[in-house]
Amino acid sequence: MAGPFDDLEAGQSRMIGGDNIDALVIGPFLWDSKVEIHAWHAGVKTGEGNSAYISLSQDGAEIGRKTDSKFGNYSLPIDKTAMLAKLASTTFSISYDNVMATVSSVGLRATVTRLD
C-alpha cells in the first residue's frame, strides 16, 4: 500500500499537521529526510497575572520551550529541524497552557523533505 509521501522525489517537500494538532508521527520513509517542525500557541489576556507556555517534545524528550507573562496578547512559536535516516520514525508533540488568558491558536506542523 502506497503512503502519502511515496511520490516525493529528491528535494521535494510535503507539509502535514496544522491548527489544533498536538502530535505527529513522522516516518518511516524509504529515504533519508529532513523534518522542519513549527509549533505555536497564541492567545489573548483575560485578567491580571497572566502567563502562557508551549513545550515541544521529540520521542518524549523536551526539545524546546517558550514562556510569556504579563502580556496583552501572546504568540509563542517554536521551530526545530530534525534529520531522519531511511526507515526511521519519530514522534513530535506539544503541551501548552495559560493562566488568565484565552487560546486563539495552537498547532503543530511538519515539512518533510526527501533527501537523496
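Just so we're aligned, residue 1 is where the sequence shown starts under full-length UniProt numbering, counting upward by one. The beta carbon of each residue, even a glycine, is placed where N, CA and C say it ideally should be.
| query | result |
| --- | --- |
| Suppose contacts are defined by Cβ-Cβ distances below 8 Å. Is A42 in contact with S105 by that definition? | yes |
| Rounded to whole angstroms, what is the Cα-Cα separation between Q12 and R114? | 6 Å |
| Using 8 Å as the threshold, is the C-beta distance between I37 and L56 below it? | yes |
| Skipping 5 residues on each side, what residues in its chain have a beta carbon closer than 7 Å to that of G47? | M100 |
| Under the rule that 16 or more other beta-carbon atoms within 10 Å means buried, what is N73, buried or exposed? | exposed |
| Is G72 helix, strand or coil when you go by DSSP? | coil |
| N98 and S51: beta carbons closer than 8 Å? | yes |
| Buried or exposed: where does G17 fall if 16 or more other Cβ atoms within 10 Å of its Cβ makes it buried? | buried |
| In chain order, which beta strand (DSSP E) runs of at least 3 residues are fully inside the region 28-104? | 33-45, 51-58, 61-69, 73-84, 90-99 |
| Closer than 8 Å, CB to CB, is L56 near chain D or not? | Here chain D cannot be found, since the structure has a single protein chain. |
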